[in-house]
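Student: Line by line, the protein sequences give chains A and B.
In terms of the working numbering, the first sequence opens at residue 33 and continues consecutively.
In terms of the working numbering, the second sequence opens at residue 2 and continues consecutively.
What follows is a single structure, and I will ask about it in a moment.
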Amino acid sequence: MRNDHKYILEMIEPNSRVLDLGCGNGELLSLLMAQRNCRAAGIEIDEKEIYKCVERGVSVSHGDIDSGLSDYADKTFDYVILNESLQEVLNPEKVIAEALRVGKKAIVGIPNFCNLNARLQIFFLGRVPVTEGLPYKWYNTPNLRFLSIKDFRDFCLERSIVIENECAFGAGGKIPFAHNLLSDIAIFLIRK
Amino acid sequence: MSDPQFVETQHFTFADPPNELVLKSGVKLGPVTMAYETYGTLNAAKSNAILIFHALTGDAHAAFWHKGDKAPGWWDPMIGPGKAFDTDKYFVICANIIGGCKGSTGPSSINPATGKPYGLRFPVITIEDMVVAQKRLIDHLGIKKLLCASGGSMGGLMALKWAVLYPDTLHSAIPIATNYKHTAQQIALHEVARQAIMSDPHWNKGDYYGGELPAQGMAVSRMIGHITYMSERSMEEKFGRKLQGKEKLGYDFSHDFEVESYLKYRGASFVQRFDANSYLYISKALDYFDLSEDGDLVKVFKGVKTKFLIVTFTSDWLYPSYQSKDIVRAMKANDIDVSFIEIDTSYGHDSFLVEINGQSKLVRDFLNNAAQSVTS
Numbered sequence: 033m034r035n036d037h038k039y040i041l042e043m044i045e046p047n048s049r050v051l052d053l054g055c056g057n058g059e060l061l062s063l064l065m066a067q068r069n070c071r072a073a074g075i076e077i078d079e080k081e082i083y084k085c086v087e088r089g090v091s092v093s094h095g096d097i098d099s100g101l102s103d104y105a106d107k108t109f110d111y112v113i114l115n116e117s118l119q120e121v122l123n124p125e126k127v128i129a130e131a132l133r134v135g136k137k138a139i140v141g142i143p144n145f146c147n148l149n150a151r152l153q154i155f156f157l158g159r160v161p162v163t164e165g166l167p168y169k170w171y172n173t174p175n176l177r178f179l180s181i182k183d184f185r186d187f188c189l190e191r192s193i194v195i196e197n198e199c200a201f202g203a204g205g206k207i208p209f210a211h212n213l214l215s216d217i218a219i220f221l222i223r224k
Numbered sequence: 002m003s004d005p006q007f008v009e010t011q012h013f014t015f016a017d018p019p020n021e022l023v024l025k026s027g028v029k030l031g032p033v034t035m036a037y038e039t040y041g042t043l044n045a046a047k048s049n050a051i052l053i054f055h056a057l058t059g060d061a062h063a064a065f066w067h068k069g070d071k072a073p074g075w076w077d078p079m080i081g082p083g084k085a086f087d088t089d090k091y092f093v094i095c096a097n098i099i100g101g102c103k104g105s106t107g108p109s110s111i112n113p114a115t116g117k118p119y120g121l122r123f124p125v126i127t128i129e130d131m132v133v134a135q136k137r138l139i140d141h142l143g144i145k146k147l148l149c150a151s152g153g154s155m156g157g158l159m160a161l162k163w164a165v166l167y168p169d170t171l172h173s174a175i176p177i178a179t180n181y182k183h184t185a186q187q188i189a190l191h192e193v194a195r196q197a198i199m200s201d202p203h204w205n206k207g208d209y210y211g212g213e214l215p216a217q218g219m220a221v222s223r224m225i226g227h228i229t230y231m232s233e234r235s236m237e238e239k240f241g242r243k244l245q246g247k248e249k250l251g252y253d254f255s256h257d258f259e260v261e262s263y264l265k266y267r268g269a270s271f272v273q274r275f276d277a278n279s280y281l282y283i284s285k286a287l288d289y290f291d292l293s294e295d296g297d298l299v300k301v302f303k304g305v306k307t308k309f310l311i312v313t314f315t316s317d318w319l320y321p322s323y324q325s326k327d328i329v330r331a332m333k334a335n336d337i338d339v340s341f342i343e344i345d346t347s348y349g350h351d352s353f354l355v356e357i358n359g360q361s362k363l364v365r366d367f368l369n370n371a372a373q374s375v376t377s
């Protein structure tokens with residue numbers, strides 16, 4: 033199982049209702065259905081991925097995250113997941129607000145743009161960093177937003193969003209301290 | 002490829018007077034005959050039945066071959082052994098709608114009161130009436146709950162209507178390239194087609210049986226229909242500005258372009274295979290259709306437990322995707338399990354008949370999961 037999926041599974045209570053924004057091929061949702069007995073739904077923009085979701089028996093809507101959330105009433109879900117998708121949306125502030133409207137809690141997974149590796153690449157190589165969490169070149173990255181763990185914490189603090197849990201990790205597994213310096217990816221469990 | 006499979010159309014008659022079918026308009030109709038075909042075998046638990054609804058000019062012959070025919074049924078690429086609606090696993094049923102002209106009771110049927118074809122004495126029917134009649138057939142076959150109902154275009158409307166009318170009898174549904182109500186543009190296009198038929202002197206207020214057929218009116222209505230079933234891109238790809246049977250422009254009003262002769266051919270052959278009055282009645286039923294009735298679509302889906310897969314096509318401008326997205330939204334508001342996909346294709350509204358690869362994969366996998374959840 034992918035590390036990020038393992039840590040997200042740890043955060044989710046059994047028998048929950050879950051919406052995955054940018055659910056890709058539905059792998060995480062099918063794990064949540066099988067191992068956490070969750071009722072799961074996804075939104076995905078890539079047509080090819082929709083076929084894989086349907087094959088897995090994951091309910092999915094073909095569309096973009098920015099507009100797909102308006103379909104749901106307040107607090108429809110126990111968790112709304114934005115794993116590796118927040119940095120690809122046009123309006124992340126609105127998407128977080130909407131995620132916390134339709135979900136009681138949200139789980140946000142972000143690539144950390146400011147870990148030691150990235151900082152060294154910028155400082156010594158003078159080039160935009162390519163790391164484990166951000167494997168793309170400037171010209172082919174799907175990412176529209178670049179943020180660090182500290183940036184996301186500030187974002188939450190400014191909006192009175194509570195961070196219930198923060199899990200940071202790299203290729204070798206969880207990072208116990210100095211998240212912003214040492215981890216490639218962080219997953220936050222947040223609520224309003 | 003396996004050998005071609007043959008099928009014969011069967012008939013079921015009900016609603017003999019005095020127990021006629023009471024239509025939505027309040028008018029009684031009876032006796033009512035339904036022409037239908039079945040493919041595959043109904044299992045002992047009667048839990049593997051799938052009902053396919055046809056589109057405006059379709060019929061009960063959805064798959065397999067009729068002896069002597071040059072082509073199989075209209076959705077044969079989708080229905081058969083090992084195909085999306087896999088007849089090795091499922092029992093697939095398709096019936097001609099009432100109001101049609103392919104074996105089910107319609108305006109060209111004999112009116113028992115007069116001994117002559119109904120013509121315009123046939124009552125105006127609705128999509129709901131068509132669905133109610135099909136429910137009688139499914140009851141007759143002893144099936145309590147369908148594994149799935151599916152269809153494209155008008156067939157999709159009927160699948161939606163069934164889910165709303167009989168929520169406990171439908172496990173899953175796949176409405177394709179459809180809508181929940183006919184919009185002004187859809188009504189307008191139908192009205193042009195109807196006017197073309199009714200302005201043909203041979204139409205004779207619907208009383209043309211045994212005489213000359215309103216061929217010209219039917220041809221024009223079919224030409225309009227075919228334009229709306231394609232997309233600008235698919236027409237450009239198929240015809241472009243290619244000339245038909247000539248090297249240069251003729252500078253007259255015989256046809257020059259391939260697209261003109263294609264439409265003429267389609268129009269001319271239509272009158273041979275379809276009844277003009279049926280076209281009027283069915284197109285009217287479509288235009289009357291509004292699943293929401295009082296405008297509140299969210300309310301309509303209350304209590305529906307059917308699991309849906311809704312399919313649309315990017316180039317379908319006759320039943321554009323946003324209309325299906327409205328359906329998805331109303332379903333989500335009712336906590337209905339729904340998946341939605343917009344397949345990228347240039348074939349326009351006809352995609353549901355010709356875009357087979359994507360649809361086959363979706364339907365096969367969706368049915369697999371639906372069948373598993375029925376047995377588990």
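Positions of the beta carbon are idealized from the N, C-alpha and C atoms, including for glycine.
Keeping to the same chain, check which residues put their C-beta closer than 7 Å to that of Arg-185 of chain A; ignore five residues upstream and five downstream.
Tutor: Closer than 7 Å at the Cβ level, and outside the excluded window around Arg-185 of chain A, lie Ile-195.
Student: Closer than 9 Å, Cβ to any Cβ of chain B: which residues of the region 87-116 of chain A, in chain order?
Tutor: Glu-87, Arg-88, Gly-89, Val-90, Ser-91, Val-92, Ser-93, His-94, Gly-95, Ser-102, Asp-103, Tyr-104, Ala-105, Thr-108
Student: Using a Cβ distance threshold of 8 Å, determine whether the region 129-136 of chain B contacts the region 89-102 of chain B, with at least three qualifying pairs required.
Tutor: yes
Student: Kindly list, in the order they appear in chain E, the residues whose Cβ is closer than 8 Å to that of Ile-344 of chain B.
Tutor: The structure shown has no chain E; the protein chains it does contain are A and B.
Student: Note down, in chain order, every chain A residue with its Cβ under 7 Å from the Cβ of Arg-330 of chain B.
Tutor: Asp-103
Student: For His-62 of chain B, count neighbouring Cβ atoms within 10 angstroms of its own Cβ and tell me buried if that reaches 16, exposed if not.
Tutor: buried
Student: Name, in chain order, the residues that DSSP records as bridge partners for Ala-50 of chain B.
Tutor: B:Phe-92
Student: Can you tell me where the alpha helix (DSSP H) with Met-131 of chain B in it begins and where it stops?
Tutor: DSSP places Met-131 of chain B inside the alpha helix (DSSP H), whose first and last residues are 128-141.
Student: Looking only at C-alpha atoms, which of B:Trp-66, B:Phe-7, B:Pro-78, B:Ser-26 sits nearest to Lys-362 of chain B?
Tutor: When each option's Cα is compared against that of Lys-362 of chain B, the closest is B:Pro-78.
Student: Determine the contact status of Val-93 of chain B and Gly-41 of chain B, defining contact as a CB-CB distance below 7 Å.
Tutor: Going by C-beta atoms, Val-93 of chain B is nearer than 7 Å to Gly-41 of chain B.
Student: Would you call the region 280-291 of chain B in contact with the region 312-322 of chain B, where contact means no fewer than 3 C-beta pairs closer than 8 Å?
Tutor: no
Student: What's the C-alpha gap between Phe-341 of chain B and Ser-151 of chain B?
Tutor: Approximately 14 Å, taken between the alpha carbons.
Student: Check whether chain B comes within 7 Å of Ile-75 of chain A, counting only Cβ atoms and requiring the distance to be less than that.
Tutor: no
Student: Consult DSSP for Lys-206 of chain B and reduce its assignment to one of helix, strand or coil.
Tutor: helix
Student: Just to confirm the assignment: which complete alpha helix (DSSP H) runs, minimum length 4, are found wholly within the region 142-204 of chain B?
Tutor: Listed in chain order, they are 155-166, 185-199.
Student: Apart from the five residues just before and just after Pro-5 of chain B, which ones in its own chain have a Cβ nearer than 6 Å to its Cβ?
Tutor: The beta carbon of Pro-5 of chain B sits closer than 6 Å to the beta carbons of Trp-66 from its chain, once the five residues preceding and following it are set aside; these are given in chain order.
Student: If contact means a Cβ-Cβ distance below 9 Å, which residues of the region 199-214 of chain A contact chain B?
Tutor: none
Student: I'd like to know whether the C-beta of Asp-327 of chain B is nearer than 7 Å to at least one C-beta of chain A.
Tutor: no
Student: Kindly list, in the order they appear in chain A, the residues whose Cβ is closer than 7 Å to that of Asp-366 of chain B.
Tutor: Val-86, Glu-87
Student: Which runs of the alpha helix (DSSP H) spanning at least 4 residues fall entirely within the region 114-200 of chain A, listed in chain order?
Tutor: 124-134, 148-152, 181-190
Student: Would Glu-259 of chain B and Lys-243 of chain B qualify as a contact pair, given that the criterion is a beta-carbon distance under 7 Å?
Tutor: yes
Student: Just checking: is the beta-carbon of Lys-362 of chain B within a distance shorter than 7 Å of some beta-carbon in chain A?
Tutor: yes
Student: Quick check on the DSSP output: what are the complete alpha helix (DSSP H) runs of length 4 or more inside the region 209-295 of chain B, in order along the chain?
Tutor: 216-230, 233-239, 259-274, 277-289
Student: If you count every other CB in all the chains shown that lies within 10 Å of the CB of Ser-102 of chain A, and 16 or more means buried, which is it?
Tutor: Classification of Ser-102 of chain A: exposed, given that the 10 Å Cβ count is below 16.
Student: Within the continuous beta strand (DSSP E) that includes Val-92 of chain A, where are the two ends?
Tutor: 91-94
Student: Secondary structure at Ala-72 of chain A, three-state DSSP: helix, strand or coil?
Tutor: strand
Student: Can you grab the Cα-Cα spacing for the pair Ile-175 of chain B / Ser-91 of chain A, in whole Å?
Tutor: Looking at the two C-alpha atoms, the distance is approximately 13 Å.
Student: Out of curiosity, what's the CA-to-CA distance linking Tyr-209 of chain B and Asn-335 of chain B?
Tutor: Note on geometry: alpha-carbon atoms of Tyr-209 of chain B and Asn-335 of chain B lie some 49 Å from one another.
Student: Can you tell me which of B:Ser-352, B:Ser-109, B:Pro-113 puts its alpha carbon nearest to the alpha carbon of Leu-121 of chain B?
Tutor: When C-alpha distances from Leu-121 of chain B are compared across B:Ser-352, B:Ser-109, B:Pro-113, the shortest belongs to B:Ser-109.
Student: Taking a contact to mean a Cβ-Cβ separation below 7 Å, would you say Ala-194 of chain B touches Ser-222 of chain B in this structure?
Tutor: yes
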